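Trainee: Starting off with a structure, shown below.
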């Protein structure tokens with residue numbers, strides 16, 4: 001009688017051989033048992049019925065508890081025996097009945113009833129023509145690698161497979177069941193992970209290598225799985241996503257610390273899948289499991305990295321708001337913090353084009369310009385991923401993630417457009433959740449040949465128009481006949497001197513701000529430093545526009561500089577803050593002379609900057625002389641426009657739309673805008689003053705482009721003005737949406753222009769009934785009607801673009817001089833300006849004299865607001 005043992009079937013090697021493991025799970029006590037007296041077809045040689053023979057036992061026994069006994073051993077100590085279970089008493093007999101094997105040829109059955117019984121069972125199977133005895137058996141084709149069609153199909157329809165062998169925790173030997181008659185037997189890498197190496201010959205196993213292998217064997221060896229083939233390694237080994245009903249083996253390996261994430265496979269798996277794997281790895285690393293046991297203490301110490309910026313300490317993992325003040329390169333930016341300190345940061349995990357790299361050098365400027373367009377001047381949310389320590393080559397620098405508008409990842413935008421490559425990280429380093437998305441974006445950029453993966457851009461020819469005076473002169477005539485020429489500030493030399501690039505023209509020039517006196521004291525002067533800082537903060541690398549009206553002796557152009565969204569030259573800001581002075585003689589050259597003078601007066605009255613010690617008494621005589629000179633030098637240049645009146649504002653100002661080529665695009669633009677507005681993002685925090693937004697109009701529920709005029713925190717309302725129609729409303733934050741780049745005024749300029757009626761005021765606020773009647777009069781005469789606007793002066797006051805006389809085309813056909821201005825005064829709803837006239841208004845003597853006569857008649861006839869007498873009083877108007 002043979003001794004009977006209990007065991008669990010770990011694997012089935014063929015129709016006659018099992019791998020058994022003890023019931024206590026000890027892997028070092030495994031044994032291989034072959035069925036005594038039987039010979040099954042060999043699977044490696046693909047002998048007839050070998051696969052089916054093995055399969056019948058694998059499906060029947062894998063993972064099951066059995067009882068076995070050893071009948072005899074070979075000279076090499078290989079054990080031969082039999083197996084029993086609740087469904088059969090002898091596995092030898094069971095296999096013979098199914099035709100899964102035959103008796104060995106050299107078997108002597110004489111005087112052995114048991115062997116005679118086996119011989120009889122084999123004879124019955126042969127007679128029944130089953131198993132290995134089937135004469136109609138169709139052989140299975142074994143291939144070493146599936147076809148490309150098979151691989152591609154497995155992504156959407158995972159292929160059935162059997163785990164033949166576990167080589168290591170991340171490498172399996174699989175039998176792919178491609179169809180009924182075709183199989184592929186090959187090694188496959190487990191997608192997304194890299195396990196420690198197992199022992200191989202004289203090479204010892206790495207820590208946790210054998211444990212990782214055993215972990216996978218216990219769960220997958222000999223099991224049915226599904227596999228999606230996602231790609232291949234550099235050596236040609238296929239990478240497969242292993243799908244098992246019990247879960248994803250990759251996740252399990254990472255969670256137990258038996259593997260780390262294989263970064264190089266990120267493009268196969270995709271950002272979403274890699275994010276799950278990274279979370280599993282992070283949990284194991286935090287718990288110090290498996291391969292991370294020795295690294296846990298070291299990794300915990302890295303979170304203390306930080307860098308100082310003034311009095312602020314910025315630590316790894318911290319988040320803060322800032323504005324982008326400078327683009328150094330595609331991956332390096334300067335940020336301005338809330339305390340006005342400036343810090344250099346680098347986009348984590350990216351490497352932009354470098355001049356030192358011959359391949360990417362041609363893309364340096366294009367990459368920097370791309371980032372400038374997307375980020376300069378924007379309010380951003382910054383997360384410090386880690387701090388790069390200082391070395392001999394590099395300074396200490398935060399490596400960051402930057403979100404524009406709180407949601408757009410700048411790194412993703414840069415990589416998607418091919419302007420940076422993704423850097424790989426060291427084992428054990430924390431990595432942002434979006435790293436895999438960057439890899440995905442990089443692969444897509446390569447496929448579409450974007451940026452550095454495509455054709456190098458043409459160098460382009462840039463003309464230096466300010467090279468000398470003679471070279472500048474020919475350009476002056478062209479520039480003088482244009483207004484608001486778009487450009488980019490490349491460099492701020494001083495508060496009044498800028499290097500500007502005009503991209504449409506391919507011209508670079510130096511612009512000197514007109515109407516200002518050069519401050520004395522040099523670069524170290526306190527006021528000059530403040531002025532330079534303001535200019536850098538507001539203008540550097542910004543998209544601006546310029547008006548040019550002269551040149552100096554060295555080839556610099558003289559003119560006005562307009563910041564984005566502003567109708568006033570930047571000189572006004574410098575003057576209002578006391579950081580510059582007016583140059584009296586040159587004020588007449590600019591259309592904004594009166595605005596400059598008013599700004600300077602504001603600074604004097606506030607005693608700021610250069611006017612800290614200002615004494616008004618010493619300035620009276622000079623001012624009168626200067627004023628007289630300015631009036632003599634100033635000229636009135638009239639310009640006529642066909643316009644539509646879109647709004648009459650409560651203060652009497654009028655919103656017009658100039659009927660030009662741009663205006664003809666408004667209707668299709670608004671159709672696209674309304675259709676797209678449902679996809680605009682809401683504001684998480686309050687938008688800034690002067691920011692352009694999408695605002696819901698109360699009268700029809702549609703969204704329109706609008707500028708933020710102010711914020712009343714008590715009712716939580718924002719005062720906005722539609723930039724294309726001029727309408728002013730107060731709306732809650734919930735009615736404001738973020739405006740995408742393609743709908744910004746830099747893409748399609750605002751169509752509404754705010755104007756004032758020349759020389760005419762409305763009744764005073766102390767007479768609200770008359771004031772309202774005057775507004776009604778204007779609405780009745782102008783609203784939604786086409787008019788002719790005669791511009792007498794540009795930007796007469798802050799927020800007003802033109803001083804105009806308005807004419808009704810139907811009226812001027814018979815009475816060319818009868819303007820809406822005159823009709824308003826004639827009907828008693830307009831009051832002629834009499835005091836505090838601007839310089840340009842003093843030149844309109846004849847027009848003003850005519851209006852005063854008309855006003856006198858209205859008073860005499862008690863029309864309009866003169867019904868009950870004089871409402872002006874001595875000090876009004």
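Numbering (the UniProt record's numbering), first residue to last: 1 to 877. Yeah, the Cβ is synthetic: ideal placement off N, Cα and C, and Gly gets one too. This structure is a prediction, so every number in the text was calculated from the model and none was measured.
#1: So with Cβ pairs under 8 angstroms, would you call residue 445 a contact of chain D?
#2: Work out the CA separation of residue 185 and residue 165 for me, nearest whole Å.
#3: Is residue 747 near the ligand GTP, with its Cβ less than 7 angstroms from a heavy atom?
#4: My guess is that residue 361 and residue 354 are in contact by the Cβ rule of under 8 angstroms, so how many angstroms apart are they, rounded?
#5: Taking all protein chains shown into account, decide if residue 528 is buried (16 or more other Cβ within 10 angstroms of its Cβ) or exposed.
#6: Quick one: what's got a C-beta closer than 7 angstroms to residue 567's C-beta in the same chain, skipping five residues either side?
#7: Which full runs of the beta strand (DSSP E) of 3+ residues lie inside the UniProt domain "TNase-like" (3 to 135), going along the chain?
#8: Distance check for residue 530 and residue 702, CA to CA, integer angstroms please.
#9: Look at residue 159 and residue 226 and say whether their C-beta atoms are less than 8 angstroms apart.
#10: Report the CB separation of residue 337 from residue 315 in whole angstroms; it is logged as a contact under 8 angstroms.
#11: Around the Cβ of residue 359, are there at least 16 other Cβ atoms within 10 angstroms (buried) or fewer (exposed)?
#12: What does the Cβ neighbour count give for residue 172, buried or exposed, with the cut at 16 atoms within 10 Å?
#13: Using a 10 Å radius around the Cβ and a threshold of 16 neighbouring Cβ atoms, would you call residue 409 buried or exposed?
#14: Can you name, in chain order, every residue of its own chain whose Cβ lies under 6 angstroms from the Cβ of residue 864, other than the five neighbours on each side?
#15: I need the straight-line Cα distance from residue 97 to residue 442, nearest angstrom please.
#16: Since residue 528 is in the alpha helix (DSSP H), which residue starts that stretch and which ends it?
#17: With the cut-off set at 8 angstroms, would you say residue 717 and residue 698 are in Cβ contact?
#18: Is residue 391 buried or exposed, if buried means 16 or more other CB atoms sit within 10 Å of its CB?
#19: Which residues bound the alpha helix (DSSP H) around residue 365?
#20: Does the Cβ of residue 18 have 16 or more other Cβ atoms within 10 Å, making it buried, or fewer, making it exposed?
#21: Using CA coordinates, which residue listed in 398, 151 and 418 is at the minimum distance from residue 456?
#22: Residue 297 to residue 216, Cα distance in whole Å?
#23: Per DSSP, what are the beta-bridge partners of residue 559 in this structure?
#24: Closest to residue 700 by C-alpha separation, out of 712, 674, 803 and 708, would be which residue?
#25: Short of 7 angstroms in beta carbon distance, which residues of its chain neighbour residue 422, apart from the five on each side in sequence? Order them along the chain.
#26: Which value, in whole angstroms, describes the spacing of the CA atoms of residue 622 and residue 569?
#27: Where do the N-terminal and C-terminal ends of the alpha helix (DSSP H) with residue 209 fall, by residue?
#28: May I ask you to report which of helix, strand or coil DSSP gives residue 299?
#29: Applying the criterion that 16 or more other CB atoms from any shown protein chain within 10 Å of the CB defines a buried residue, is residue 301 buried or exposed?
#30: Could you check if residue 303 is buried or exposed, using at least 16 other CB atoms within 10 Å of its CB as the buried criterion?
#31: Would you mind giving the Cβ-Cβ distance between residue 161 and residue 68, rounded to the nearest angstrom? I have them listed as a contact below 8 angstroms.
#32: I'd like to confirm the pairing. Which residues does DSSP put opposite residue 486 in its beta bridges?
#33: Count Cβ pairs between the region 197 to 207 and the region 262 to 271 that sit closer than 8 angstroms; are there 3 or more?
#34: For residue 155, which residues in the same chain have their Cβ closer than 8 angstroms to its Cβ, ignoring the five residues on either side in sequence?
#35: Which of the three DSSP states is assigned to residue 609 in this structure?
#36: Which residue from 451, 507, 484 and 420 puts its Cα closest to that of residue 461?
Mentor: Checking against the coordinates, here is how it stands:
#1: In the displayed structure, chain D is absent; only one protein chain is listed.
#2: 11 angstroms
#3: By its list of ligands, the structure shown contains no ligand whatsoever, and the ligand GTP lies outside what it can speak to.
#4: 7 angstroms
#5: buried
#6: 795 and 801
#7: 4 to 14, 17 to 21, 31 to 35, 65 to 73 and 79 to 84
#8: 44 angstroms
#9: yes
#10: With 8 angstroms as the limit, residue 337 and residue 315 do not qualify as a contact, their Cβ atoms being about 14 angstroms apart.
#11: exposed
#12: buried
#13: buried
#14: 827, 828 and 829
#15: 60 angstroms
#16: 526 to 539
#17: no
#18: exposed
#19: 364 to 375
#20: buried
#21: 418
#22: A caution first: residue 297 carries a pLDDT of 47, below 50, which makes its placement in the model unreliable, though a value can still be read off. Using only the alpha carbons, I get a separation of about 28 angstroms.
#23: 513 and 548
#24: 674
#25: 349, 350, 415, 438, 439 and 442
#26: Reliability fails at residue 622, whose pLDDT of 48 lies under 50, so the model's placement of it is uncertain and the value that follows must be treated cautiously. If I take the Cα positions, the gap works out to 25 angstroms.
#27: 209 to 220
#28: Summary for residue 299: the model assigns pLDDT 48, below 50, so the residue's position carries little reliability, and this model does not support an answer.
#29: Confidence in residue 301 is poor, its pLDDT being 42 and thus under 50, which makes the residue's placement unreliable; the coordinate value appears in the next sentence. That one is exposed.
#30: For residue 303, the predicted model reports a pLDDT of 41, less than 50, meaning its position is unreliable; a value from the coordinates is still stated below. Residue 303 is exposed by the Cβ-count criterion.
#31: So it is not a contact: roughly 28 angstroms between Cβ atoms.
#32: 545
#33: no
#34: 228, 229 and 230
#35: helix
#36: 507
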